[in-house]
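The block underneath contains the structure these notes are about, expressed in C-alpha cells.
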Amino acid sequence: MKLFPSGHATHPEWRMAAGLVLAQLRAQMVLGDYAQSPTLGLLYITDHYSEDAQEILDHLGAELPEVTDWAGTVGVGISANNAEYFDEPALSVMLCELPSDQYRVFSGVAPLAGSEMSGFEAHTALVHADAETPDLPSLIGDLAVRTDTGYLFGGLSSGRAGSLQFAVSGNGNIKGHGAAGGVFSGGLSGVVFGEGVRVVSRVTQGCQPLAGGAGREREITKADGNVIFALDGEPALDVLLAELAVSLDEPQEAIDAVRATLVGLVDAGSDGVRRTGDLGADVVVRHIIGLDPTRRGIAVADQVEEGMRMSFCRRNAQAARADLMRICAEIREELEPEEQTLETAIAIAAGEADAAPHPARGIAGAIYVSCSGRGGPHFGAPGAELQIVRHALGDVPLVGFFAAGEIARHHLYGYTGVLTVFTAAE
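With the first letter of the sequence shown counted as 1, position 31 gets the number 31 in the working numbering; the numbers rise by one all the way through.
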C-alpha cells in the first residue's frame with residue numbers, strides 16, 4: 001500500500017501557497033513509498049482564499065492533470081499532518097490513489113445515483129455540507145441509509161464569508177454543474193467509497209458531564225419539539241437549576257451558569273455516558289437556547305423525543321485531550337496485525353525523531369474534521385490538537401478542516417473531532 005502524497009502551506013498570495021504545496025506533492029510522488037498515479041484530490045482552504053476558490057481549483061487541476069477528481073471545502077481553519085492554520089490564508093491537499101471503480105464524487109446539483117441506476121454500491125462516504133441547507137439532519141440521515149454501512153464522515157463548511165465546496169469529476173465538470181466549474185455553495189457534496197476502499201473512523205468528544213454526579217444521565221419523560229419539560233418525571237428547569245446550584249432569583253448568576261452548560265442527547269439503548277464518566281460516541285452535544293419559567297421547560301438546539309436520555313455537560317480540554325488519544329489508540333489497535341513483521345514493528349515504535357510517514361503503519365492517509373471551537377485555543381497551543389494525533393497515531397499524511405458541525409455515521413455533532421484513516425483492504 002502506497003502513502004498518499006500531501007502538502008500544505010500558508011502565504012498571503014494563493015499562487016505562492018499553491019506553488020509550495022505542488023512542490024511538496026511532486027517531491028513525494030517520485031519516492032517509492034508514495035502513490036505515483038493518484039486520481040482523487042482532497043482540497044481544503046481557509047476562508048481567506050474564498051474569493052479565489054475557483055482559480056485555486058483550476059490551477060491545481062491544470063498542474064496535476066492526472067488528478068481528475070476533486071472534493072473539499074472551506075473552513076475558518078484547516079489541518080495537515082502536525083499543523084493547523086487558523087485565521088490565516090492557507091491550503092491543504094492530499095492526493096489519493098484509489099481504484100477508479102471504488103469511488104464516486106457527488107454534489108447537491110449532481111447527487112449520488114442509486115445503485116440500481118449507477119451499478120455502484122456505496123459503502124462509506126466523505127461528506128461536506130452547507131449549514132444553511134434546509135432539513136440538513138434528514139439529508140444526512142438519508143445519505144447514510146444509501147450506504148451499505150450507514151457510515152458517513154465529514155463536516156459542515158465554516159467559512160465566515162459563506163460556505164463553498166469543491167466537487168468535480170473527470171476531465172471537466174460533473175454533469176449538471178453547468179457553469180459552476182466544481183466550486184459551489186449549498187447542499188451536500190463529497191465522495192462515496194466502495195467496499196474496496198477500507199476506512200477506519202472514530203469520533204472523539206470535546207465535552208464531559210458535569211462533575212460530582214450532577215451530569216448523570218436522565219430520561220426525557222416529557223417533551224415537545226425542541227423543549228424538554230420533564231426529566232425522570234421532574235420539571236426539567238428545576239433539575240437544571242438544582243444541578244447548577246443557581247436560582248432564578250439571582251438572574252445574572254443563573255444566566256452565566258446556563259450559558260456555560262450544554263446538553264448531551266442520545267437515543268435510548270445507544271452509547272451514552274460511560275462508566276468512566278465520559279460521553280459515548282452516540283452522544284450529540286447541543287446548546288441550551290432558552291428557558292420556560294412558566295412551564296418549567298428547557299429549550300435546546302435540536303428536536304427531542306420522550307424516551308431519549310440526556311446529561312448536562314461542559315467543554316473540558318483535559319477530557320478532550322484524553323479522548324483524542326483514546327481514539328488514536330483504538331485505530332492503531334485495529335490496524336496492527338497480531339503478528340508483526342520487523343519493518344512494521346520498527347515503524348510503529350518509532351520515536352518523534354524517526355516518525356516520518358511509513359507504509360508499514362498500515363495507513364495511506366487520514367482526514368481529520370474537528371470543531372471550529374477546538375484546535376489550538378482549546379488544547380492550549382497552536383497545533384496542539386494535531387500534535388496529539390501525530391504523537392498517538394504516528395506521522396501520517398493528513399488533511400482536514402475545522403467545521404461548523406461534524407458528521408459521523410448519521411449524526412451531526414458539535415464540539416467533536418472525527419478522525420478517519422484510509423488503510424489496506426482486508
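Each residue gets a CB set at the ideal place from its N, CA and C atoms; glycine is no exception.
Excluding its 5 nearest sequence neighbours in each direction, P293 has no C-beta neighbour in its own chain below 6 Å. Counting along the chain, the unbroken alpha helix (DSSP H) around A257 starts and ends at 251-259. Runs of the beta strand (DSSP E) lying entirely within the stretch 263-308, each at least 3 residues long, are 284-292, 297-300 in chain order. Within 10 angstroms of the beta-carbon of D271 lie fewer than 16 other beta-carbons, which makes it exposed. Within 10 angstroms of the beta-carbon of I255 lie fewer than 16 other beta-carbons, which makes it exposed. H48: not part of any alpha helix (DSSP H); DSSP gives it neither H nor E. The alpha-carbon separation between G373 and Y415 amounts to approximately 7 Å. By the 16-neighbour rule on beta-carbons within 10 angstroms, T73 is buried. Using a Cβ distance threshold of 8 Å, L152 and I407 count as a contacting pair. DSSP assignment within the stretch 361-419 yields the following whole alpha helix (DSSP H) runs of 4 residues or more, N-terminal first: 375-379, 384-393. Taking a cut-off of 8 Å on C-beta distances, the stretch 194-202 does not touch the stretch 298-313, as fewer than three cross pairs fall below it. Membership of H59 in any beta strand (DSSP E) is not indicated; the residue belongs instead to the alpha helix (DSSP H) covering 53-63.
With contacts defined as CB atoms closer than 8 Å, V192 and R104 qualify as a contacting pair. Taking a contact as a CB-CB distance under 8 Å, the pair F229 and G297 counts as one, their CB atoms being some 5 Å apart.
A Cβ-Cβ separation of about 4 Å places T204 in contact with G417 under the 8 Å criterion. Here DSSP, grouped into helix, strand and coil, assigns E330 to helix. Rounded to the nearest whole angstrom, the CA to CA distance from L291 to E333 is 45 Å. For the set L95, V266, V285, I289, the Cα lying nearest the Cα of A27 is the one of L95.
In the three-state reduction of the DSSP assignment, A242 falls in the helix class, which pools H, G and I.
Within a 10 Å sphere around the beta-carbon of R274 sit fewer than 16 other beta-carbons, which makes this residue exposed. Here Q205 carries a strand assignment [DSSP, helix/strand/coil].
Only residues of its own chain outside the window of five on either side were considered, and among them R296 have a CB closer than 8 Å to the CB of D238, listed in chain order. Taking every protein chain shown into account, the CB of S138 has fewer than 16 other CB atoms within 10 angstroms, so this residue is exposed.
With contacts defined by Cβ atoms closer than 8 Å, A364 and M1 form a contacting pair. If you ignore the 5 residues before and after A366, its C-beta comes within less than 6 Å of the C-beta of V396, L398, V421, all in its own chain and listed in chain order.
The continuous stretches of beta strand (DSSP E) do not include M29, which lies in the alpha helix (DSSP H) extending over residues 14-29.
Excluding five sequence positions before and after C313, the CB atoms of its chain that fall closer than 8 Å to its own CB belong to C207, Q208, P209, L210, G215, T261, L262, V263, G264, L279, V285, given in chain order.
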